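Here's the structure, in structure tokens; my notes come after.
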Amino acid sequence: PAPRRVPWRGSWQAAGMELSRLGHACVRLEKPGSRLVIDPGAFSAPDAVDGADAVLVTHQHADHVALPALRQALADAPALEVWAPAAVVAALTDGAPQVATRVHAVSAGDAFDAAGFAVRVFGGLHAVVHADIPRIANLAYLVDGAVLHPGDSFTLPATPVDVLLAPTGAPWLKAAEVIDYVRAVGPRLVLPIHDAFYSAAGLALVDTLLGPNGPGIGGAEYRRPTEGEKVAVR
8 PAPRRVPWRG
18 SWQAAGMELS
28 RLGHACVRLE
38 KPGSRLVIDP
48 GAFSAPDAVD
58 GADAVLVTHQ
68 HADHVALPAL
78 RQALADAPAL
88 EVWAPAAVVA
98 ALTDGAPQVA
108 TRVHAVSAGD
118 AFDAAGFAVR
128 VFGGLHAVVH
138 ADIPRIANLA
148 YLVDGAVLHP
158 GDSFTLPATP
168 VDVLLAPTGA
178 PWLKAAEVID
188 YVRAVGPRLV
198 LPIHDAFYSA
208 AGLALVDTLL
218 GPNGPGIGGA
228 EYRRPTEGEK
238 VAVR
């Protein structure tokens, strides 16, 4: 089926949430009374997890999960819960068995509620960096049936996506693959993530390729917000 279309109102519109980029691959989703953070890693805002009710982690690489900071957040916030691949769960609970009931191992095919957000899990493996580098678990999360965070992958979910958080800079991708991935997913709106490795010139090039002057991303709207900017989604 075709992706759901929502009229453009100067912000992202999908599923009653506000979205904020918090550096590199980290995104915060907010609804009244609930805050969900995805991939608070080493290049994320230092306060990315502050006030979070739930955290999703796509995989174990440090740019997607800063383990010491997340362990501290779990210690400081007794109600905070985390969902992640088994390797991340093992690292977070090692030496801290008291948090084990709040850190949940998930895999592709799972579905759960995280602080009032409906989450479906897709994917399975990290994209190939090189044949000599072993692949690790990587999960893609679809939140409230609308917002897809694929982690380090080009995962295609078996459902329409309204807002795609598209990785744009990594050792495992090239621009042509990003463009084809966006076309294949067919979202209404594209928000770039995974771009801490780019200079200002590199970011400008990515924005040109994915924007209206590029080869085309299937009619999706593309926009780069400032870090921390809240974008209304309904």
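Take 8 as the starting number for the sequence shown in my numbering and just add one per residue. Every residue, glycine too, gets a C-beta built ideally from N, C-alpha and C. Everything numeric in this text was worked out from a predicted model, so none of it was measured.
Mind checking who PHE129 pairs with in its DSSP beta bridge?
Taking the first residue of the sequence shown as position 1, residue 129 is located at position 122. For PHE129, which the question treats as bridged, DSSP gives the partners ALA147.
Quick check: the Cα distance between LEU36 and LEU26, rounded to an integer number of angstroms?
By 1-based counting over the sequence shown, the position of residue 36 is 29. By 1-based counting over the sequence shown, the position of residue 26 is 19. Distance between the alpha carbons of LEU36 and LEU26 is about 5 Å.
For ALA121, list the residues DSSP reports as bridge partners.
Here residue 121 is taken as the residue at index 114 of the sequence shown, counted from 1. Answer is PHE124.
How do the segment 125-139 and the segment 93-112 stand: do at least 3 beta-carbon pairs fall below 8 Å, yes or no?
no
With a threshold of 7 Å on Cβ separation, who are the neighbours of ARG231 within its own chain once the five nearest residues in sequence on each side are excluded?
Locating residue 231 in the sequence shown gives position 224, where the first residue counts as 1. PRO199, ASP214, listed in sequence order.
Rounded to the nearest angstrom, what separates ASP70 and GLU184 at their Cα positions?
Residue numbering aside, residue 70 sits at position 63 when the sequence shown is read from its first letter. Residue numbering aside, residue 184 sits at position 177 when the sequence shown is read from its first letter. Approximately 21 Å, taken between the alpha carbons.
Just to confirm my understanding: we take ALA191, look at its own chain, exclude 5 residues before and 5 after, and list those with CB closer than 7 Å. What are they?
Taking the sequence shown and counting its residues from 1, one reaches residue 191 at position 184. Taken in chain order, the residues that qualify are LEU163.
Taking DSSP as the reference, what is the three-state secondary structure of GLU234?
Mapped onto the sequence shown, residue 234 falls at position 227. Of the three classes helix, strand and coil, the one that applies to GLU234 here is coil, per DSSP.
DSSP puts LEU6 in a beta bridge; with which residues?
The requested residue 6 does not occur in the structure, where the chain is confined to residues 8 to 241.
Could you pull out every residue in the same chain whose Cβ sits closer than 6 Å to the Cβ of VAL56, ignoring the five residues on either side in sequence?
The count along the sequence shown starts at 1 and reaches residue 56 at position 49. Excluding positions up to five away in sequence, the list reads VAL44, PRO47, ALA80.
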